[in-house]
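S.K.:
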Amino acid sequence: MLAAIDLRIYSKTEAELPHPCAHLVQAALLDAVRSLDPSLSAELHDTAQVKPFAVSTLWPRTRALGDVLRIPKYTECRLRICTLAQPVFDAISAVLFPRLASGGSIRLASYDFVLMSAKMELPYGGVANFSDLLRDMGTEIDLRFASPTTFRRKGVNVPLPDPVLVYNSLWQKWKAFSDTEVPECVFEELIAALALCRMDGHTRMWKFPRYWMTGFVGVAGYELIGKVS
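In structure tokens form, the structure reads like this:
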């Protein structure tokens, strides 16, 4: 199961957080899951490479000042939570939705953020099965990189939407979490016929607690230029 939750939150007091702060969102989420399922929380925390979930940083309707995010009180902020496995979605839903219904909150650093809404509709939310992705979508597709994205190749970070790197990353997640089996030869045939056909974006540098990272943001279009069965 694939799911994306478009979560809106606000703080009743002025807040100052590092930017980006996805690590704080992840810590808050795992702490909430720990209250219901300690073993799953530990498993999600210890997963090294291919994780069954991803979280965004916090996006308020204000501009970050360098690596600092100053958020006025009662400012609506958006964040996105994506899951690739049913048990993970169930656990996150079990802690978020009851808090949402009761006007509860999550804690980021030393600030409590009240849950306002959780949408699961486009453009930032949604639900699908892995089998849904096997439908014929034509020969071209656009992928949007909303957060700075980079890929590892031979020990080096590559902040470009290279089709081999992008689709190999997606393939690793498919093999790890999909309940719909696809032979390796299908992926090999796909990747041999795939090309980047357009790109509208740029690189952006973000500061994390222990390092800086440069990633690609924008839209990249991919096209099948070779024959596939």
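With positions in the sequence shown counted from 1, the corresponding number in this note's numbering is that position plus 1153.
Each residue gets a CB set at the ideal place from its N, CA and C atoms; glycine is no exception.
Please classify isoleucine 1259 as buried or exposed, where buried requires at least 16 other C-beta atoms within 10 Å of its C-beta.
M.R.: Looking at its Cβ environment, which holds 16 or more other Cβ atoms inside 10 Å, isoleucine 1259 is buried.
S.K.: Just verifying my parser: in three-state terms, what is the DSSP assignment at aspartate 1332?
M.R.: DSSP places aspartate 1332 in coil when its eight states are reduced to three.
S.K.: Threshold first: 4 residues or longer. Then list the alpha helix (DSSP H) segments lying entirely within the region 1268 to 1355, N to C.
M.R.: Listed in chain order, they are 1316 to 1330, 1337 to 1345.
S.K.: Short of 7 angstroms in beta carbon distance, which residues of its chain neighbour isoleucine 1378, apart from the five on each side in sequence? Order them along the chain.
M.R.: For isoleucine 1378, where only same-chain residues beyond five positions count, the Cβ hits under 7 angstroms are Ala1346, Ala1348.
S.K.: Would you call the region 1164 to 1177 and the region 1205 to 1214 in contact, with 3 or more CB pairs under 8 angstroms?
M.R.: Verdict: yes, contact present.
S.K.: Taking the continuous beta strand (DSSP E) assigned at isoleucine 1162, which residues delimit it?
M.R.: Unbroken beta strand (DSSP E) run through isoleucine 1162: 1155 to 1164.
S.K.: Could you say which of Phe1330, Pro1171, Lys1360 lies nearest to asparagine 1282 if we only look at CA atoms?
M.R.: With distances taken between Cα atoms, asparagine 1282 lies closest to Phe1330.
S.K.: Report, in whole angstroms, the separation of the C-beta atoms of isoleucine 1387 and alanine 1247, which I expect to be a contact under 8 angstroms.
M.R.: Outside the modelled stretch of the chain, which goes from 1154 to 1382, sits residue 1387, for which no answer is possible.
S.K.: Do you know whose CA, among Pro1314, Pro1171, Pro1251, Ala1238, lies nearest alanine 1217's CA?
M.R.: It is Pro1171.
S.K.: Below 8 angstroms on the Cβ atoms is my contact criterion, and I expect leucine 1318 with valine 1311 to pass it. Report the Cβ-Cβ distance as a whole number of Å.
M.R.: At roughly 6 angstroms, the Cβ-Cβ gap stays under 8 angstroms, so leucine 1318 and valine 1311 are in contact.
S.K.: What does a CB cutoff of less than 6 angstroms around arginine 1161 pick up in its chain, not counting 5 residues either side in sequence?
M.R.: Within the same chain, arginine 1161 has close Cβ partners Glu1229, Arg1231, Met1269, Ser1270.
S.K.: Give the C-beta separation of phenylalanine 1206 and isoleucine 1234 to the nearest angstrom, bearing in mind that I take them to be a contact with Cβ-Cβ under 8 angstroms.
M.R.: That belief holds up - the Cβ atoms of phenylalanine 1206 and isoleucine 1234 are roughly 7 angstroms apart, short of 8 angstroms.
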